[in-house]
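No gaps in the numbering here: position 20 of the sequence shown is 222 in this note's numbering, and each next residue is one more.
Heads up, the beta-carbon is just placed ideally off N, CA and C, and yes, glycines get one too.
See structure below.
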Amino acid sequence: MIKHTARTLLAVVAGVIVLALPLSAQRMIEGNHAAVEPLVERAQTIAVASVVSSRSEMVRGSIVTFHEVQLEQSLLGRPARRFTIVVPGGSYGNLRTQWPGAPSLALNQRFVLFGEQAGGANALRPVGLFSGLIPVEADADNRAIVRLQGRAELVADFLAKIRQAVAARR
203 MIKHTARTLL
213 AVVAGVIVLA
223 LPLSAQRMIE
233 GNHAAVEPLV
243 ERAQTIAVAS
253 VVSSRSEMVR
263 GSIVTFHEVQ
273 LEQSLLGRPA
283 RRFTIVVPGG
293 SYGNLRTQWP
303 GAPSLALNQR
313 FVLFGEQAGG
323 ANALRPVGLF
333 SGLIPVEADA
343 DNRAIVRLQG
353 RAELVADFLA
363 KIRQAVAARR
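Shown next, in the form of structure tokens:
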């Protein structure tokens with residue numbers, strides 16, 4: 203009963219958060235990952251990186267996960283070679299919080315980050331709730347791809363679109 207009530211409450215809170223976002227931010231999280239342009243507009247940092255380690259902590263009554271990552275490539279901003287991505291949710295002791303739409307990042311997982319400052323000098327959070335954290339996966343031919351709005355795209359093509367959007371932003 204308590205688990206069901208907690209899940210229902212979490213779903214209601216997540217729905218309220220989405221409805222409270224400006225329409226542009228709501229569009230960014232539709233389909234989990236958005237078009238490149240709105241993400242580039244909001245991002246302070248855009249990078250390709252991989253997870254080195256993860257830990258979850260209780261922060262002001264909420265579980266928060268800190269992913270320590272290694273920079274592979276920077277497309278915007280000047281992130282450190284190693285930095286932290288801060289996301290809500292995770293496991294702490296026997297408690298687990300999972301946010302709808304949150305990507306699961308595992309050790310050595312590669313991803314593209316559209317990030318904004320999250321407090322610390324080397325701490326970033328994804329823009330657009332979770333839209334700004336896009337896992338890189340392999341397709342049937344073992345090519346690196348990302349999935350955007352339900353569609354697979356080669357990482358090289360995706361990064362080219364990001365570079366164009368960054369150049370247009372300047």
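Nearest Cα to G334 within the set D341, Q351, N324: Q351.
DSSP places R365 in the helix class (H, G or I) of the three-state scheme. Non-local beta-carbon contacts of Q319 in its own chain, meaning distances under 7 angstroms to residues more than five positions away in sequence, involve Q246, L326 in chain order. Taken atom to atom, the span from the alpha-carbon of A369 to that of G295 is near 45 angstroms. Assignment of P240 by DSSP, reduced to helix, strand and coil, places it in the helix class.
Beta-bridge pairing by DSSP links L273 to A251.
Between the alpha carbons of R280 and E355 lies a distance of about 26 angstroms. In this structure, Q275 keeps its C-beta atom at 7 angstroms or more from the C-beta atom of S252.
C-alpha of W301 to C-alpha of V288: approximately 13 angstroms in a straight line. Shown here for D341: same chain residues with a beta carbon closer than 8 angstroms to its own, the five before and five after excluded, namely I347, A354 in chain order.
Within the same chain, A346, I347, V348, R349 come within 8 angstroms of E339 by CB-CB distance, once the 5 residues on both sides are set aside. It is roughly 7 angstroms from the alpha-carbon of V238 to the alpha-carbon of K363.
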